[in-house]
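So the sequence shown is residues 102 to 289, counted in the numbering used here. Contents: one structure, followed by commentary.
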Amino acid sequence: MTSIYDHSIFEAFSKVVQKLIPQLPTLENLLNIFITNSGIEKAFLFDVVSKIYIATDYSPVDMQSYELCCDMIDVVIDISCIYGDFNYSVKEDGENSTFDGSSSSTIKLNSGTVLYLREVNKFLALVCILREDNFDKQGLIDYNFQCFRQAIQEVFEIKFNKHKPQQQIVNNSLDSTHSNGYSSDQIH
102 MTSIYDHSIF EAFSKVVQKL IPQLPTLENL LNIFITNSGI EKAFLFDVVS KIYIATDYSP
162 VDMQSYELCC DMIDVVIDIS CIYGDFNYSV KEDGENSTFD GSSSSTIKLN SGTVLYLREV
222 NKFLALVCIL REDNFDKQGL IDYNFQCFRQ AIQEVFEIKF NKHKPQQQIV NNSLDSTHSN
282 GYSSDQIH
């Protein structure tokens, strides 16, 4: 059952969006490798603006954990709007962005749980839940995150580049053909 009064509507939208992402198995696999090698209990890959998670690891989604992660994104956005790098926050095209290349946040809860957020790109953030004693290996987690970020960029780069060569072929054939249908080589 979904409601507009809690985060269940976001979780429902997340499941719909996940059906539309062809790279979902790859993203989930990358998250599984990341949490296994970093000692993390749960990880979400969020769209920052909508707070919809586009991928998560293999463990089931707990509504309370999801709500904590959404609230953390809200806190980071609010703090970034107040104290963030204003030169970075307004792009040349006038688009506002609250995340920069090094946006991150760590929140330690009284329950011995740590919430860990890192910016993947200007649209995506990785939010993780782990035990405080596993956070002692923060250097390992940071290194694994850099590898994860690079892999995510490669996944989306492959998708982008797959369409690009076809466009170049079409553009090249249009450049070499005149309006009469003959190439410049055939006209004497």
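Note that the Cβ used here is the ideal one computed from N, Cα and C, for glycine as well.
Closest Cα partner of threonine 170 within the set Cys182, Asp148 and Tyr159:
Here residue 170 is cysteine; the residue named in the question, threonine, does not match the sequence. Ranking the options by Cα distance to cysteine 170, first place goes to Asp148.
Just to check my reading of the structure: isoleucine 50 and valine 118 have Cβ atoms closer than 8 Å, yes? What is that Cβ distance to the nearest angstrom?
Missing from the structure shown is residue 50; the chain here goes from 102 to 289 and no further.
Boundaries of the beta strand (DSSP E) in which valine 215 is found, first to last residue
214 to 220
In whole angstroms, give me the CA-to-CA distance for phenylalanine 111 and glycine 213.
26 Å
How close, in whole Å, do the beta carbons of isoleucine 122 and isoleucine 155 come, if the pair is a contact with beta carbons under 8 Å?
6 Å
Own chain residues within Cβ distance below 6 Å of cysteine 229, not counting five before or after
Ile141, Ala144 and Tyr217
Quick one: grab the DSSP three-state call for serine 206.
strand
Inter-residue spacing [alpha-carbon to alpha-carbon] between serine 293 and valine 215
As shown, the chain starts at 102 and ends at 289. That puts residue 293 outside it, with no answer to give.
Measuring CA to CA, which of Phe257, Glu255 and Ile242 is closest to threonine 137?
Ile242
Terminal residues of the continuous beta strand (DSSP E) containing aspartate 148?
143 to 148
From alanine 226 to tyrosine 159, what does the alpha carbon distance come to, in whole angstroms?
18 Å
What first and last residue would you give for the beta strand (DSSP E) that runs through valine 228?
225 to 232
Buried or exposed: asparagine 245, going by 16 or more other Cβ atoms within 10 Å of its Cβ?
buried
Rounding to the nearest angstrom, what Cα-Cα distance links glycine 240 and valine 221 in this structure?
17 Å
Thinking C-alpha only, which one of Glu233, Arg219, Lys238 and Phe224 is nearest asparagine 211?
Glu233
Could you compute how far the alpha carbon of leucine 132 sits from the alpha carbon of arginine 250?
10 Å
Identify every residue that forms a DSSP beta bridge with isoleucine 327.
Given that the chain is displayed from residue 102 to residue 289, the structure contains no residue 327 and the question cannot be resolved.
Any heavy atom of the ligand PLP closer than 8 Å to the Cβ of serine 151?
No copy of the ligand PLP appears in this structure; indeed no ligand is present at all.
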